[in-house]
Every structure is written in C-alpha cells, then in structure tokens.
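J.: The structure's right below; bear with me while I get my questions together.
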Amino acid sequence: MPVLNRIADYSADMTAWRRHLHRHPELAFDCQGTAAFIADRLRDFGVDEIHQGIATSGIVAIINGQGAGPTTGLRADIDALPIHEITGADHSSTVPGRMHACGHDGHVTMLLGAAKYLCETRRFAGRVALLFQPAEEDGGGGAIMVQQGVMDRFDVGQVYAIHNAPNLPFGRFLTAPGPYMAAVDTAFVYVTGRGGHGATPHETVDPVVAIVGMVSALQTIISRNLHTLDDLVLSVTQIHTGSASNIIPEEGWFCATIRTFSPEVRQMVQRRFHEIVEGHAAAYGVAVRIDYDIGYPPTVNHPAQAEFAAEVAREIAGADGVDDHADREMGSEDFAYMLEARPGAYLFLGTGPGAGLHHPAFDFNDDAAPIGASFFARLVERAQPAG
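The structure is reproduced here in structure tokens:
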C-alpha cells in the first residue's frame with residue numbers, strides 16, 4: 019500500500035501548511051504562533067479535544083475512534099533553529115536569524131495530515147493523542163510534557179515519532195530496536211591563569227597552554243578508557259581566549275559535546291573528564307571550573323513497538339523500503355523522555371538529496387509529508403482496529 023489515496027488528495031493543502039510554518043519559525047518554548055496555526059487546523063478537521071499551553075506552547079489533541087480502546091500517542095516537534103536561511107525559496111523564513119533547518123515544519127505537517135484523515139474516517143477503536151511538542155532543539159520540551167503528566171492525563175499507552183532524513187533514499191524508513199539515538203551531555207571548562215606580556219611568559223601562568231593540554235588529553239578517554247566495541251563521541255567544539263598577538267591572556271574557556279549510549283560509559287566519561295581536566299589544571303598551575311551538564315538520555319526504541327512500526331512502514335514503502343535494523347545515530351532527541359515513560363518507537367524517513375539538517379540551505383521535501391502522514395494513520399488503524 020503506498021500513500022493513502024485520501025491523504026494524497028489533500029497533499030496540496032499539506033504543502034501550503036508546511037510552507038506557512040516555514041515562513042514563520044519560532045524558537046524553543048516560544049511557539050505561540052505555531053501553536054495557534056496548528057490549533058486552527060485541528061478545529062477545522064473536527065478533532066474532539068484540544069488542550070493548549072502544555073510545556074508553554076505545546077498542544078495535545080484527542081481524536082476519538084469507534085468505541086472503547088487504548089490511546090496511541092503521535093508526536094511532532096514544532097520549534098525552529100537560530101540559523102539565518104539562505105535557501106532563497108519563495109517560502110523562506112520571514113524572521114531574520116531563524117529558520118526551520120531541521121524539518122520540524124514538515125513533522126507538524128505529517129501529523130496534521132494524519133489528523134485530518136483520522137478525523138474523516140475514524141476507522142479505529144479507542145483514541146489518538148496528537149502531541150505537538152515545543153523546545154526539542156533547546157529546552158527539552160519532551161521532558162516537560164512528560165513531567166506535566168501528559169502520558170497519564172491522556173492515558174497514552176504507546177507513542178511514536180518520525181524525523182525526516184535528507185540524503186537518505188526518498189520514502190525509505192529506518193529504525194531499530196533498542197538504543198537508537200545517543201544521550202548528549204555538554205561540558206564547559208573555564209580556566210584562569212595569570213596574564214602578561216607575550217615576551218615574558220615566565221612571569222605568567224598561561225591558560226592557553228593548559229587548555230591545549232586538556233583538549234588533547236581528553237581524546238585519550240576514547241583511545242584508552244573505552245572498550246573498542248562501545249560507542250562514544252567526545253568533540254571539543256569551541257575554544258575562546260586571548261585578545262592580541264603579544265598578550266598572554268588571564269583566562270580562557272572551551273566546551274565539548276559528549277555522546278554515549280550506555281549509562282556505564284556515560285558515567286565513565288564524566289569521571290575521566292573531571293580527572294583529566296583537574297589533573298592538568300594542577301600540573302599547569304591554573305584554576306579551573308567545570309560545568310558538566312547532563313542532557314537528553316539515549317532514545318531507546320522498545321523492540322515490540324519498533325517491529326510493529328516497521329511492519330506498518332512496509333505497507334507504505336514496500337518490503338525493500340524499510341531497514342528495521344539500521345545503524346544507530348550519535349545525534350540526540352528529547353523524544354527519549356517519552357520513550358522512557360511509555361513503550362514506542364522512533365523512525366527516520368528519507369527525503370532524498372538536499373542540504374543536511376541544521377544547514378542554512380536546508381528545506382523539507384514537501385513530497386515526503388503524505389508518506390509520513392500515511393504511516394501515522396495506518397499505524398493507528400493497525401494498532402487499534404475498529405470492531
């Protein structure tokens with residue numbers, strides 16, 4: 019079964035919705051305009067309940083099926099990124115320095131398309147909970163929605179989400195059981211020495227040399243502390259210090275992103291990070307402060323739900339259009355919090371050639387939205403058959 023015919027019928031509407039959202043990006047929890055647009059469409063479709071203001075600007079909408087049954091949650095993230103768009107498209111962002119560079123406008127459109135279809139047909143038992151979540155990129159809106167009791171309040175039994183994947187074959191689904199996306203932690207290290215003239219380094223305590231030593235030594239966590247069969251990324255992404263070529267600065271700082279899957283590796287990296295940085299600080303005679311932020315947990319697909327989602331995806335993409343044991347990703351996702359609260363699965367949907375995620379030239383492929391909407395709709399019909 020390819021794209022559902024009824025969903026294909028309003029693909030032009032879906033393109034219009036997506037391009038409206040693309041022109042009006044909003045950040046983090048401050049997605050009130052986006053939420054208002056979503057709520058208006060949901061009212062037009064005839065959803066049974068709309069609950070707004072969850073996690074500041076999130077929405078939970080309920081569609082009732084035929085008779086009693088469980089509730090399946092379908093999630094779409096709604097926030098954009100602080101990036102200046104360079105696509106030159108007619109529907110480019112109207113807000114300088116902000117754009118939908120990760121395709122969340124497309125994710126919303128997929129879920130709206132599924133909502134319209136499910137409201138029209140109601141060929142399922144129980145209920146569907148549509149979870150429109152802010153602050154995936156920054157702030158952990160998924161965690162806030164869970165903390166505010168969304169799963170219990172709406173009796174969500176299982177939960178699913180899709181992310182678009184540029185430069186993967188168009189229409190191809192990827193997923194896997196178990197840990198699928200990494201946990202993410204962020205470390206900021208502030209180093210203070212004693213500044214002075216570059217011509218008299220013996221009169222200074224140089225934070226630059228200390229920082230260089232720390233950054234180099236941190237890579238030994240991967241090469242000497244990690245089992246070779248475990249996965250870990252530790253990338254130092256910023257170093258800031260100095261003001262002139264002939265001045266040894268007083269202070270400097272750097273930051274790193276750390277990506278892991280297992281709690282044991284995550285704890286080991288945090289411990290070794292502190293030991294290495296503090297040991298180097300003592301060796302170089304500098305003072306150091308470490309702000310080590312524990313971020314999103316790993317996104318862990320539940321095996322039964324991942325297998326079921328792959329079966330549904332095959333209805334849409336064909337037997338060869340689904341990889342249900344795809345390689346796991348070192349990126350992170352706050353959908354992880356929803357999967358900690360309820361069984362479910364997370365999938366990628368290929369959107370064909372184009373600029374990558376978080377790139378200023380990225381633009382969601384509108385042709386993929388009916389595919390994602392069809393997947394969501396069939397997943398509900400399969401999970402909760404009417405009668």
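Numbering (this note's numbering) for the sequence shown: 19 to 405. We treat Cβ as the ideally placed atom computed from N, Cα and C, and that holds for glycine.
Of all the options Gly196, Leu244, His215 and Pro225, which has the alpha carbon lying nearest to the alpha carbon of Asn319?
T.: The residue labelled residue 319 in the question sits at position 301 within the sequence shown. Nearest C-alpha to Asn319: Gly196.
J.: Less than 8 Å separating the beta-carbons of Ile239 and Leu247?
T.: As a working mapping, residue 239 is identified with position 221 in the sequence shown. As a working mapping, residue 247 is identified with position 229 in the sequence shown. It is not a contact, given that the beta carbons lie outside the stated cut-off.
J.: Taking the C-alpha atoms as reference points, what is the distance between Ala386 and Gly336?
T.: For the purposes of this step, residue 386 is taken as the residue at position 368 of the sequence shown. For the purposes of this step, residue 336 is taken as the residue at position 318 of the sequence shown. One C-alpha to the other measures close to 15 Å.
J.: What ranges does the alpha helix (DSSP H) occupy inside the region 149-228, keeping only unbroken runs of at least 4 residues that lie completely in it?
T.: Whole alpha helix (DSSP H) segments, 4+ residues: 159-165 and 168-171.
J.: Does the beta-carbon distance from Asp97 to Ala46 come in below 8 Å?
T.: Here residue 97 refers to the residue found at position 79 when the sequence shown is read from its first residue. Here residue 46 refers to the residue found at position 28 when the sequence shown is read from its first residue. Closer than 8 Å, so yes.
J.: Buried or exposed, going by whether 16 or more other CB atoms sit within 10 Å of the CB of Gly83?
T.: In the sequence shown, the residue the question calls residue 83 occupies position 65. Per the 10 Å Cβ criterion, buried.
J.: Between the Cα of Asp311 and those of Gly213, Asp203, Thr317 and Ile334, spot the shortest distance and give me the residue it belongs to.
T.: Here the question's residue 311 lines up with position 293 in the sequence shown. Among Gly213, Asp203, Thr317 and Ile334, the Cα nearest to that of Asp311 is on Asp203.
J.: Output needed for Asp48: all residues of its chain with C-beta closer than 7 Å, excluding positions within five of it in sequence on either side, in chain order.
T.: Sequence index remark: in the sequence shown, residue 48 carries index 30 (1-based). Result list for Asp48: Ser75, in chain order.
J.: Thinking Met199 and Ser350 are a contact (beta carbons under 8 Å), I'd like their distance in whole angstroms, please.
T.: As a working mapping, residue 199 is identified with position 181 in the sequence shown. As a working mapping, residue 350 is identified with position 332 in the sequence shown. Yes, Met199 and Ser350 are in contact; Cβ-Cβ is about 6 Å, under 8 Å.
J.: In whole angstroms, give me the CA-to-CA distance for Arg61 and Val21.
T.: Start at 1 with the first residue of the sequence shown, and residue 61 comes out as number 43. Start at 1 with the first residue of the sequence shown, and residue 21 comes out as number 3. Rounded to whole angstroms, Arg61 to Val21 spans 24 Å at the Cα level.
J.: Comparing alpha-carbon positions, which option in Thr275, Glu221, Leu375 and Pro219 lies nearest Gln237?
T.: As a first step, residue 237 is located in the sequence shown; it is residue number 219 there, counting from the start. The option with the nearest alpha carbon to Gln237 is Thr275.
J.: Three or more C-beta pairs closer than 8 Å, one from the region 100-117 and one from the region 355-370: is that the case here?
T.: No: the two stretches stay apart, fewer than three of their Cβ pairs being nearer than 8 Å.
J.: What does the alpha-carbon distance come out to for the pair Arg141 and His245?
T.: In the sequence shown, counting from the first residue as 1, residue 141 sits at position 123. In the sequence shown, counting from the first residue as 1, residue 245 sits at position 227. If you take the alpha carbons of Arg141 and His245, they lie about 50 Å apart.
J.: So, is Glu154 buried or exposed, given that buried needs 16 or more other C-beta atoms within 10 angstroms?
T.: As a working note, residue 154 is residue 136 in the sequence shown. Buried is the call here.
J.: Compare the beta carbon distance of Phe172 and Ile77 with 8 Å and say whether it is the shorter of the two.
T.: In the sequence shown, the residue the question calls residue 172 occupies position 154. In the sequence shown, the residue the question calls residue 77 occupies position 59. No, these two residues do not count as a Cβ contact at 8 Å.
J.: Determine the burial state of Ile265: buried for a count of at least 16 other Cβ atoms within 10 Å of its Cβ, exposed for fewer.
T.: Within the sequence shown, residue 265 is the residue found at index 247, counting from 1. Exposed: under 16 other Cβ atoms inside 10 Å.
J.: Out of Leu99, Ile81, Glu67 and Ala301, which one is the CA nearest neighbour of Phe380?
T.: Numbered from 1 along the sequence shown, position 362 holds the residue referred to as residue 380. Nearest of Leu99, Ile81, Glu67 and Ala301 to Phe380, Cα basis: Leu99.
J.: Pick helix, strand or coil for Asp27, following the three-state DSSP scheme.
T.: Position 9 of the sequence shown, counted from the first residue, corresponds to residue 27. Here Asp27 sits in helix by DSSP.
J.: Under a Cβ-count criterion, where at least 16 other Cβ atoms within 10 Å of its own Cβ denotes burial, should Glu333 be classed as buried or exposed?
T.: If you number the sequence shown from 1, residue 333 lands on position 315. Classification of Glu333: buried, given that the 10 Å Cβ count is 16 or more.
J.: If we count the other Cβ atoms within 10 Å of its Cβ and call it buried at 16 or more, is Pro184 buried or exposed?
T.: As a first step, residue 184 must be located in the sequence shown, where it is residue number 166. Burial call: buried.
J.: Using CA coordinates, which residue listed in Pro388, Gln402, Pro403 and Ala404 is at the minimum distance from Lys134?
T.: What you label residue 134 is simply residue 116 of the sequence shown in a count that begins at 1. Among Pro388, Gln402, Pro403 and Ala404, the Cα nearest to that of Lys134 belongs to Pro388.
J.: Look at His376 and Ala119 and say whether their C-beta atoms are less than 8 Å apart.
T.: What you label residue 376 is simply residue 358 of the sequence shown in a count that begins at 1. What you label residue 119 is simply residue 101 of the sequence shown in a count that begins at 1. Result yes, Cβ atoms of His376 and Ala119 sit closer than 8 Å.
J.: Between which two residues does the beta strand (DSSP E) carrying Gln285 extend?
T.: As a position in the sequence shown, residue 285 is number 267, starting the count at 1. Looking at the DSSP string, Gln285 is not in any beta strand (DSSP E); the run it does join, the alpha helix (DSSP H), is Pro281 to Tyr302.
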